[in-house]
Structures are given as structure tokens and as C-alpha cells.
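Chemist: Numbering (UniProt numbering), first residue to last: 1 to 294.
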Amino acid sequence: MASSPLNQKSNFHARSNSLPSRPHPLIPQIDEHLCRLKSNEAASSSSPSIHEKQNGLRDLYELVDSLLQLPLTQKSLAQKCNDKQVNELLNGSLRLLDVCGVAKDALLQAKEDAQELQSILRRRRGDEAGCTNEAKEYLASRKKAKKLINKSLRDLKSKCGFAHLENDAEATFSMLKEVEGVTLSLFESLLSYISGTKMQPKSTNRSLVSKLMHSKRITCEGEATESNEFEKVDAVLCSLIGHKTRKCNRMSTENAQVELQKLESSIQDLEDGVECLLRLLIKTRVSVLNILSH
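(1) Rank L270, V274 and E264 by C-alpha distance to the C-alpha of D113 and give the top, closest one.
(2) List the whole-angstrom C-beta distance separating V99 from L184, where the pair is believed to meet the contact cut-off of C-beta under 8 Å.
(3) Between the alpha carbons of H35 and P28, how many angstroms are there, rounded?
(4) Can you list, in chain order, the residues of its chain with a C-beta nearer than 8 Å to that of D272? Leave out the 5 residues immediately preceding and following it.
(5) State yes or no: is the C-beta of L270 within less than 8 Å of the C-beta of S47?
(6) Between V288, N150 and K111, which has its C-alpha nearest S266's C-alpha?
(7) Between H294, R279 and I291, which has its C-alpha nearest L96's C-alpha?
(8) So, are the CB atoms of Q54 and L139 less than 8 Å apart?
(9) Say the cut is 7 Å; is the CB of V286 nearer than that to a heavy atom of the ligand HEM?
(10) Helix or strand or just coil, what does DSSP make of D272?
(11) Can you check which of these residues, L176, E170 and A135, is closest to residue 296 by C-alpha distance?
(12) By how many angstroms is the C-alpha of G56 removed from the C-alpha of F173?
(13) Please classify R142: is it buried, with 16 or more other beta-carbons within 10 angstroms of its beta-carbon, or exposed?
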């Protein structure tokens, strides 16, 4: 079985001898950003952490785009990449666009569901039975969303895998594959966050995507540690459904509204980051297509 691309060691730095002996200043900057993003892969999958990774990835893609505009880079990439490598680059960029689209749709659906539930809870204040039913509908929608996300992660796992890079692989090609790897890592973290899946440290030989498949159960008592905003909403709604007294039900409804507001704010920040990355992914793909078509 091919190992996860996110567990691959750096190839770009090792093959930088394919570049001029005095490389362009952009190259060490890109290498630094890659190293920083890789070192942060084991960081928590909280909303602020993911948003920070989004910003780092945005800066990386802006540097990559600048590098791809250099005539020397274009000439080297066009002349030294074989057909197999060309297909790898193009298929990889499509894979990134696909997973970005999945993340974008998942965030949009989550935001709409959260907004709708907030509105209903405000209108039905005092209607315990009505609020409980709406909470059940929200959790049912969440369950469907988790299944779709987990399916996307399984599909991503089946498609991931880098072909063996020859020792004389063109340096820009190696760099682009590394960028693809850290981008996939971010989207896996994001989808894991949305689904409430706990990402485990890379201390075993299992691939990161495989680890994402093992979701941690969320209890109605909210006992999960380091819960993200999605998990907190799920937990408080479980509590709302489980409470039988009017006082406890009212308190749970108020808590749910507070957590839903926090969730909506978190989603908005992540949505903005995904929109930005989507534009950059398209821009990079267009640049690569233009280079390889000449």
C-alpha cells in the first residue's frame, strides 16, 4: 500500500541542485514556508489553528505563483518534466480543487444549518417540545454531513499517492508535489474539524487519512476533551434532548444559542480562508497548464 503523501519526506530541498547554483531568493522562502507548514501538521485541529494554517498556505501559494512566473522556472518545468510527471501535476491540482470544493460545501451547509437552528430556537423560546424536535433534526443533518465527509476522506485516501521521484526529477516539479502534500494535510484537518473527528499524532505508520476515519464518539455529557465548536454544539443539543425538566431544558436552549453563535463565527473565518485558497489553487493550475502547453 502506498504511504500517505503527507508522510513523505521533503524532496524539494534534496533536489534543489537541479536549480541554478545561486537560486532565486524565492526558493529558500518557499522551502521555509514548507518546513513551517509541515512542522505544524501535528498541531491541534482547532479553528484558530486551522485558520493560521490557511494563512500560511496562502502566503506559500503566492510565493509559488511568483516563482512560476520566472522564465527560467517555466523553461525548466516545460523541458524536463516527462508525460507521467505532467499528468501527476495536473491530476494533483484537480484533486486539490475537488477536496477544496468538498470543504467549501460542507462549511456552507453547516453555516446554513446553524443559522436556521438559531432562528428557530429564538422563535420557539418556551416551546420545549418544539426546540427538542429541531435539535434532533439538526443532529440528524450533522450525521448525514459526517458520512459525506468521511466518504470524501476515504475517496481522497484511495486517490492519494505520489509516484516515485527519480533522482534527477525537476526541482520545481518536486516543489509543487510538496505543496500539494501540505495542502491536502490542511484540508484533511479542516474536514476532520467539521466532522468532529479526532486527528491522532503521526506516531504510527498508519496514514493520516486512515487515522481520520476513526471518529471519537461525542457524548451527551460533553466529556470529550479539546472539543471544537461543532462538537460543543452537538453536545449541548444532546443535553437539550436528554433533559426532561422545563428549567434544564431552558438552560440547555440558551447554551445552544450561545454555542451556535460561536460556531457561526468560526465557520465564517474558515469560509473566508477556503475561498482565498480556492482562487489560489485555480491560479496555480492555470499557470502550470500555460507552462506545460508551450
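Even for Gly, the Cβ is constructed at its ideal location relative to N, Cα and C.
Modeler: The relevant details are as follows:
(1) Your numbering for residue 113 matches position 113 in the sequence shown. Selection L270, V274 and E264 evaluated against D113 yields E264 as nearest (Cα-Cα).
(2) Start at 1 with the first residue of the sequence shown, and residue 99 comes out as number 99. Start at 1 with the first residue of the sequence shown, and residue 184 comes out as number 184. Rounded, the Cβ-Cβ distance is 7 Å, consistent with contact.
(3) On the sequence shown, residue 35 is found 35 positions in, with the first residue counted as 1. On the sequence shown, residue 28 is found 28 positions in, with the first residue counted as 1. Sequence inspection shows Cys at residue 35; the His mentioned does not correspond to that position. Taking the straight line from one Cα to the other gives about 10 Å.
(4) Here residue 272 refers to the residue found at position 272 when the sequence shown is read from its first residue. For D272, where only same-chain residues beyond five positions count, there are no Cβ hits under 8 Å.
(5) As a first step, residue 270 is located in the sequence shown; it is residue number 270 there, counting from the start. As a first step, residue 47 is located in the sequence shown; it is residue number 47 there, counting from the start. Yes, these two residues count as a Cβ contact at 8 Å.
(6) If you number the sequence shown from 1, residue 266 lands on position 266. Answer by Cα proximity: K111.
(7) Numbered from its first residue, the sequence shown carries residue 96 at position 96. Each of H294, R279 and I291 was checked against the Cα of L96, and the nearest Cα belongs to R279.
(8) Along the sequence shown, read from residue 1 onward, the residue named residue 54 stands at position 54. Along the sequence shown, read from residue 1 onward, the residue named residue 139 stands at position 139. It is not a contact, given that the beta carbons lie outside the stated cut-off.
(9) This structure lacks the ligand HEM, and indeed carries no ligand of any kind.
(10) Walking along the sequence shown from the start, residue 272 turns up at place 272. Three-state result, D272: helix.
(11) Only positions 1 to 294 of the chain appear in the structure, and residue 296 is not among them; the question remains open.
(12) Indexing the sequence shown from 1 puts residue 173 at position 173. Indexing the sequence shown from 1 puts residue 56 at position 56. Those two C-alpha atoms are separated by around 21 Å.
(13) Locating residue 142 in the sequence shown gives position 142, where the first residue counts as 1. In the assembly as shown, R142 is a buried residue. Its beta-carbon has 16 or more other beta-carbons within 10 Å.
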